[in-house]
Amino acid sequence: MHEFRVELRRARRLPGPGRRDGQHRHRGSRLDAPRDGGRDGHRPRPPPRRRGRGAHSPGALARVAHARRRARALVLTPAGARLQGRAPRRSGPAAGEGRGVILGSTRLRVRPRDAQIIVRRAAPARDDLADILAQGAVRAGFQPVVELGSGRVVGWEGLARGPRGSALERPDLLFDAAREAGRTEELDRLCQRTILRAAIAARLRAPAVLLMNVEPDTSGFLPLELRDLYAQAVSRMIVCVEITERALTSRPGTLLGHLADLRAMGVSIALDDVGTDPVTLAMTSLVDPDLIKLHMALVQQAPGPAVAEALHAVSAQAEQSGATILVEGVETAEQAQLGLGLGATLAQGWLYGKRRERLTPGLPPAHPPVRLTRRRDPRDRAPFDIAADGRTPRPADHALLAAMIRHLEERALTLGPTGMLIAALGGVRELTAERRAAYADLGRALAFCAIIGPGFSAEPVPGVRGAAVHSDDPAADEHAIAVVAPHFAAALVAHGRPGDGSLFDYVLTHDRERVVAVAAALAARVA
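Heads up: the sequence shown begins at 397 in my numbering, then just goes up one per residue.
This is the structure in structure tokens:
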């Protein structure tokens, strides 16, 4: 689809046939352009919606696409064309140029004799994105991270933007265009390279921290050039990569593997936007982040039940793991005080500074604001080995094992949207009608529910994730269930005794660290 930029200019500068100097009214559309190019704050009224073809001919029937509020141009596309929803770029400061008008999807009959219309072809957003990627035209900016209480800068968050003044300058529009073009991973790597290079060039030094967003909807593969940049950065500063829970519920195995690779390179992990979505609270323990970033809504709204629930969940996780808590969106001293009450020791927000183009490190902080922890890759161990490490397995027949598994399933139902359940069903290839109904209930009740086994599809039950494990995988023959919530954790793992088909060796544990490790090992097998 081609888009066209339309500029309305004064007739005395661009005289048209049959018009006197200074007259340029769109009589057919009732659209008046300002005589002096537009007074401050004045915008012409959009035309009324018309029915049918209208009375004026000849004319080009066009659909006016979305235009930015302060844009100086209209974007017209042929009638019937599918609109891409792209905002036009601001046109140049030509003399006598009229202001643009937001007309949404209104149909407008344009009569050439009513105004001089200059039509230029505008490059589609996909072409703009291609140019940005080809030229590496992403800009890095940095917002300070401060120590609550003292206000001392202890680090910076790297924020990527598109070319200044372009239609894709805003990061949300930039990544929307990349997703539409299927080039999200390419753009994400470019943003990471740009921010890392800028931080290295600015000589940021440990124990100062560099926070950096990573798009979760990617494969996690890091090219050698990017790996080398990470190696340079972690040798100079603390690098902390931020993720959201979005990919953890859709592609947990991929994301957990990516996080394990980053941690192996010496990178810390932050979980972003925690506190407003129960799913994030449920998945926090699975990520086991080094830094928990509280959503800005927690300090920008009056405390209530939702804030209290988030505070209890985050406090439990931080107490268990030693994670640092950061509060976002701090704009007033009162919000900073509330952040301290929520347990945060770090903060970001306009109270401490907006995004800036240049990073100015200053004096390094007295101590590391974010920890760096080493963890074993969840893909490397079988659930039974994790549960049985240092424990003596107990014997059980099939009836006892089934009863204990059902008890944990029923307990999980009481946890609601802050709970998750992941299970391995041994050699089971198909669920009975009774078991399908039970897991359908779990899928509706919990933030995340998944089952793995030799023959399961990606969604064996509506609302339940599934994964088929290879016959060589130790988990293929294990019966396991892990239930995790902010204030509850339990896991049962069993496998058959060699040479005895009637008995199983099993381990039941409520040790939270061990339960979370079992859950992570199971989730790592869900692609």
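Think of the CB as a built atom: it goes at the ideal place given N, C-alpha and C, for glycine as much as any other residue.
Cβ distance (whole Å) where residue i is taken to contact residue j below 8 Å
i	j	result
I639	L667	6 Å
A836	G815	Not confirmed; about 16 Å, so no contact.
G662	L768	7 Å
A743	L722	7 Å
Q539	L555	6 Å
A915	A878	4 Å
T828	L544	In fact, because the Cβ distance is near 54 Å, the residues do not count as touching under 8 Å.
L707	L738	6 Å
G671	V610	Not quite, the Cβ-Cβ distance comes to about 20 Å (not below 8 Å), so this is no contact.
P757	A598	6 Å
M692	F844	24 Å between Cβ atoms; not a contact.
G649	V903	Not quite, the Cβ-Cβ distance comes to about 23 Å (not below 8 Å), so this is no contact.
A834	E805	6 Å
Proximal residues to residue i (C-beta, below 7 Å), its chain only, five neighbours per side dropped
i	result
L734	V695
R850	Sequence inspection shows Pro at residue 850; the Arg mentioned does not correspond to that position. Result list for P850: G823, R825, A864, V865, S867, A872, in chain order.
S681	Q713, V880, V912
H906	A885, A886
P612	I639, T640, R642, A643, L651
P567	A556, R557
I782	R910, A913, V914, A917
A926	Residue numbering for the chain in the displayed model covers 397 to 923; residue 926 lies beyond these limits and cannot be assessed.
Q716	R908
Burial state of residue i (16 or more Cβ within 10 Å)
i	result
F617	exposed
K689	buried
A890	buried
R908	buried
D686	buried
I746	The sequence shown places Trp at residue 746, not Ile. Burial call: exposed.
L620	exposed
L759	exposed
E753	exposed
G551	buried
P856	buried
L755	buried
R557	buried
G561	exposed
T590	buried
T645	buried
T728	exposed
Residues that DSSP places opposite residue i in a beta bridge
i	result
H875	L821, A890
I665	V637
D896	R893
Y902	R790, A890
M608	G554, V637
P540	W552
G849	A864
V670	L690
V752	Per the sequence shown, residue 752 should be read as Arg rather than Val. Partner(s): F538.
Closer than 8 Å: residue i CB and nearest the ligand ATP heavy atom
i	result
G812	In the structure on display, the ligand ATP does not appear, and there are no ligands present to speak of.
Residue i, DSSP secondary structure in three states
i	result
T680	helix
V922	coil
A743	strand
F571	helix
L811	coil
T828	coil
V911	helix
F780	helix
L583	helix
G450	Below a pLDDT of 50, predicted positions are generally treated as unreliable, and G450, at 40, falls in that range; the measurement from the model is reported next regardless. Note: G450 maps to coil in three-state DSSP.
P534	Per the sequence shown, the amino acid found at residue 534 is Val instead of Pro. Three-state DSSP puts V534 in coil, outside helix and strand.
T720	strand
V766	coil
Residues near residue i in its chain [Cβ-Cβ closer than 6 Å; skip 5 each side]
i	result
A367	The requested residue 367 is not part of the displayed model; the chain covers only 397 to 923.
A594	A536
Contact set for residue i: own chain, Cβ-Cβ below 8 Å, skip 5 residues either direction
i	result
R893	P791, L899, F900, D901
P764	A602, P603, V605, I634
V630	M661, G662, V663
L564	A521, D524, L525, I528, G558, L570, A573
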